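>
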Amino acid sequence: MREPNNQPMDIRAIVGLNVLRIRRERALSQEELSHLSRLTRAYLSGLEAGRRNPTIVSLSRLAEALGVEVKDLVS
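According to the UniProt record's numbering, the sequence shown holds residues 1 to 75 in order.
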């Protein structure tokens, strides 16, 4: 993915947009995803906004909770 100025998007932004998109496709609130993934709602909010640097553990928990593979969150 590239930003309008043709620069590669920050991986945090890519992950955040993917989590947000998939969460909405699944009709889940941040609170519901928080419960399913065992991550705080505040963490999810920061992640979706591209402000958090996700760990391998958090990516794995999110992928499992959303029913996708980790690669779907990072690409």
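We treat Cβ as the ideally placed atom computed from N, Cα and C, and that holds for glycine.
Since we're looking at a predicted model, the values are computed, not measured.
Thinking valine 74 and glutamate 48 are a contact (beta carbons under 8 Å), I'd like their distance in whole angstroms, please.
Valine 74 to glutamate 48, Cβ: 14 Å. No contact.
> Leaving out five residues on either side along the sequence, give the residues of the same chain with a beta carbon under 7 Å from the beta carbon of asparagine 53.
Answer for asparagine 53: Arg12, listed in chain order.
> Quick one: Cα of alanine 63 to Cα of glutamate 69, how far?
Between alanine 63 and glutamate 69, the C-alpha separation is close to 5 Å.
> When we look at the beta-carbon of arginine 24 and count the other beta-carbons within 10 Å, is it buried (16 or more) or exposed?
Exposed is the call here.
> Rounded to a whole number of angstroms, what is the C-alpha to C-alpha distance between arginine 61 and glycine 46?
Looking at the two C-alpha atoms, the distance is approximately 16 Å.
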